[in-house]
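Heads up, the thing below is written out as structure tokens.
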Amino acid sequence: MGRQVDFFKVRLEFVESGGVLAEQIPVGAEPESTLQLCLETDFTKRAHLPPTTVAGSLRAHVAAQRDASEARRYFGHAPDAEDDERAVSSMIAVLGTRACDGGQKEERSRTAISAHTGAPTPGSLRRAELATAGTAWDISFRCDRATRDDIDDLTSLLRSWRPIIGRGATVGHGQAKVLAVAHGRLDLGNPADLLSYLNSGGPILVDDVVGAYDFDPQNEGSDPTDDPAELYELVCEIVGPIHVGDGSRTPRGEPSRIVRVDGKPIMLASSVKGVLRSRMSYILRSVRKDGEWCSCTEDDYCVICHAFGFTDRQSRASRARYSYRGRLRFFDSPIDGEPSVRINSPIDRFTGGAAHQTWPGGSDQAGDHRFWSRSGLLHSLEVMETGRFRIRIDDLGFDDQHHGDVFKALLRLTVEDINDGHVTFGRGGTRGFGRVNIGNADDALVPLSEAQATLRTLIDQEDRTRDDTLA
Ligand SMILES: [Zn+2]
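Our numbering puts the first residue of the sequence shown at 4, with every later residue one more than the last.
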């Protein structure tokens, strides 16, 4: 018996929309036009999941299910200077991923909410293309030096794999599950096997070698998002009109549209995440004596960054850029109720009358002038006046118990601020827009007294550190 090579094919299905995206500025676009995020494609222009993403996710799964040394054994490691170890190559190679036929694309837009002002950051609008929920992917792996036991172990690891892949993982994108696993083996001592090994390669070879998919009926109906470590579900009753825009440019005379998915008005996960992050930062800032809320160092994250994650920080030592995926996942929520249209006419600050559009200089067409000077700044927007939506947050588990407790307290205090009208969703918070009432805080969250006690402990700790510094 000669050398053997094992191959796996895995059918992965997105439970939520998602994908690995690449930043792209459309050809011929204005320099300041909206940045586009498009699905990564392979050399045939088909959407794919980059092999590095897949391998990284699977490695993390092995480390979580078995341990770090098993992850090193399967996926190799760099030389370790202290132990004088050699670099070891990975037993597993991801050969390719392909979107199966039938996957659709959808488009989302989102803005970044400033942690300081709580308002959208100018210029942060992004349009993102995503693969819809239900998109299936075939992933091909090759595995060298594997024993029979390794193959059984890998098969069971692949079956229990529930990766969250790509961008937007913390706002309800990219959760996937494995529908089926297929395995095959080539014995290079066998002339027929050797011939196919030499004549073919990549996913095509894998297709030939592995047997039919073994679909697991239990996985077929399951939804990994049904089973989070901990779940908060807050029922929000709309008190003031809510407008969360879809980011599209509105033709003149038409109301600004609210964001919809499949025709239904929704509250975006990213909006809710931004609003909560901003308020929790505010609460922490007001507790700290120096007014700083983020005390992150490279290996010690503050509770906000731990909970919500961050992107694109620069390491002081190596100057490399790094990101961290937060421990919370937020989800889009449909808003029940019918949208209506509100008309706004801004008031001129000097005259107190209706404000008028400034004359656009340079035009010498009298018709234009009459049109502009009479039209004023009247504009209309779609709003949800009444209705209900749910804020759903999955807590994936904090490594640091203390951070988990502080987060729970901050969430409870933020909900109090929402109910008191200090925190609003969407546009026009200063005009009474975006107010909601959360009625089930007592059932869903830690008691208010407990949250206040946690914050008081934080203040005491601050006082002690300050006294120490002064002494
Ligand atoms: Zn931080």
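From the three backbone atoms N, C-alpha and C, an ideal C-beta is built for every residue, glycine too.
Backbone secondary structure at residue i - three-state DSSP
{"i": "Ala-369", "result": "Residue confidence is low: Ala-369 scores 45 on pLDDT, short of 50, so the model does not pin down where it sits. Its coordinate-derived value is still stated next. Ala-369: helix per DSSP, three-state reduction."}
{"i": "Thr-300", "result": "strand"}
{"i": "Arg-377", "result": "Low per-residue confidence applies at Arg-377: pLDDT is 41, beneath 50, and the placement is therefore not dependable enough to give any value."}
{"i": "Gly-22", "result": "strand"}
{"i": "Pro-244", "result": "coil"}
{"i": "Gly-364", "result": "In this prediction, Gly-364 scores a pLDDT of 49, lower than 50, which makes its location untrustworthy; the coordinate-derived value is nonetheless stated afterwards. The answer is coil: DSSP assigns Gly-364 none of H, G, I, E or B."}
{"i": "Met-94", "result": "coil"}
{"i": "Arg-467", "result": "helix"}
{"i": "His-51", "result": "coil"}
{"i": "Phe-11", "result": "strand"}
{"i": "Lys-3", "result": "Any answer about residue 3 is impossible in this case: the structure gives the chain only from 4 up to 474."}
{"i": "Glu-43", "result": "coil"}
{"i": "Glu-16", "result": "strand"}
{"i": "Leu-451", "result": "helix"}
{"i": "Asp-70", "result": "coil"}
{"i": "Tyr-235", "result": "strand"}
{"i": "Thr-389", "result": "coil"}
{"i": "Thr-100", "result": "strand"}
{"i": "Lys-267", "result": "strand"}
{"i": "Ile-462", "result": "helix"}
{"i": "Arg-6", "result": "coil"}
{"i": "Asp-315", "result": "strand"}
{"i": "Arg-395", "result": "strand"}
{"i": "Asp-3", "result": "Absent from the model: residue 3. The displayed extent of the chain is 4 to 474, so no value can be given."}
{"i": "Ala-456", "result": "helix"}
Candidates the options: closest to residue i by CA position
{"i": "Val-65", "options": "Glu-109, Glu-43, Glu-453 and Thr-158", "result": "Thr-158"}
{"i": "Arg-151", "options": "Cys-41, Arg-188, Phe-410 and Arg-111", "result": "Arg-188"}
{"i": "Asp-466", "options": "Ala-320, Gly-355, Arg-345 and Arg-291", "result": "Arg-291"}
{"i": "Arg-328", "options": "Phe-46, Asp-402 and Val-184", "result": "Asp-402"}
{"i": "Pro-166", "options": "Arg-282, Arg-393, Gly-294 and Ala-67", "result": "Ala-67"}
{"i": "Gly-407", "options": "Phe-78, Gly-437, Ile-307 and Asp-141", "result": "Ile-307"}
{"i": "Gly-169", "options": "Glu-233, Ile-396, Trp-296 and Ser-20", "result": "Ser-20"}
{"i": "Thr-457", "options": "Phe-78, Leu-287, Tyr-200 and Pro-342", "result": "Leu-287"}
{"i": "Glu-132", "options": "Ile-462, Gly-22 and Thr-253", "result": "Gly-22"}
{"i": "Ile-396", "options": "Phe-10, Asp-155 and Ala-172", "result": "Ala-172"}
{"i": "Arg-49", "options": "Ala-444, Cys-103 and Arg-459", "result": "Cys-103"}
{"i": "Phe-311", "options": "Met-270, Glu-88, Val-386 and Leu-413", "result": "Leu-413"}
{"i": "Pro-268", "options": "Gly-248, Leu-279 and Tyr-285", "result": "Gly-248"}
{"i": "Thr-100", "options": "Ala-136, His-80 and Thr-56", "result": "Thr-56"}
{"i": "Gly-59", "options": "Pro-450, Val-97 and Ser-203", "result": "Val-97"}
{"i": "Val-439", "options": "Val-238, Ala-25 and Ser-72", "result": "Val-238"}
{"i": "Arg-69", "options": "Glu-43, Asp-156 and Val-278", "result": "Asp-156"}
{"i": "Arg-14", "options": "Glu-110, Leu-182, Arg-111 and Arg-129", "result": "Leu-182"}
{"i": "Gln-178", "options": "Thr-138, Ala-185 and Ile-154", "result": "Thr-138"}
{"i": "Ser-326", "options": "Pro-349, Asp-351, Cys-299 and Arg-352", "result": "Cys-299"}
Residue i Cβ short of 7 angstroms to ligand 1 heavy atom set
{"i": "Cys-308", "result": "yes"}
{"i": "Tyr-325", "result": "no"}
{"i": "Cys-305", "result": "yes"}
{"i": "Cys-297", "result": "yes"}
Nearest-angstrom beta carbon gap, residue j and residue i [assumed within contact, 8 angstroms]
{"i": "Val-174", "j": "Lys-276", "result": "6 angstroms"}
{"i": "Asp-398", "j": "Arg-330", "result": "7 angstroms"}
{"i": "Phe-436", "j": "Ile-261", "result": "With 8 angstroms as the limit, Phe-436 and Ile-261 do not qualify as a contact, their Cβ atoms being about 12 angstroms apart."}
{"i": "Gly-266", "j": "Gly-340", "result": "No, Gly-266 and Gly-340 are not in contact; Cβ-Cβ is about 14 angstroms, not under 8 angstroms."}
{"i": "Val-386", "j": "Ser-343", "result": "6 angstroms"}
{"i": "Ile-346", "j": "Ser-383", "result": "5 angstroms"}
{"i": "Thr-338", "j": "Phe-410", "result": "Checking the sequence, you will find Ile at residue 338 rather than Thr. Rounded, the Cβ-Cβ distance is 26 angstroms, inconsistent with contact."}
{"i": "Gly-429", "j": "Ser-274", "result": "7 angstroms"}
{"i": "Phe-144", "j": "Phe-11", "result": "4 angstroms"}
{"i": "Leu-40", "j": "Glu-26", "result": "6 angstroms"}
{"i": "Arg-316", "j": "Arg-322", "result": "About 11 angstroms; that fails the 8 angstroms criterion."}
Closer than 8 angstroms to chain D by CB, residue i
{"i": "Ala-444", "result": "The chain inventory of the structure shown lacks chain D, comprising one protein chain alone."}
Any alpha helix (DSSP H) of 4 or more consecutive residues that is wholly inside the region 123–205: 151–162 and 194–202, all fully within the region 123–205.
Ranges of the beta strand (DSSP E) found wholly within the region 319–362, counting only runs of at least 3: Within the region 319–362, the complete beta strand (DSSP E) runs of at least 3 residues are 324–328, 331–333 and 342–347.
Start-end ranges of the alpha helix (DSSP H) lying completely within the region 398–450, minimum 4 residues: As far as the region 398–450 is concerned, its whole alpha helix (DSSP H) runs of at least 4 residues are 404–422 and 444–447.
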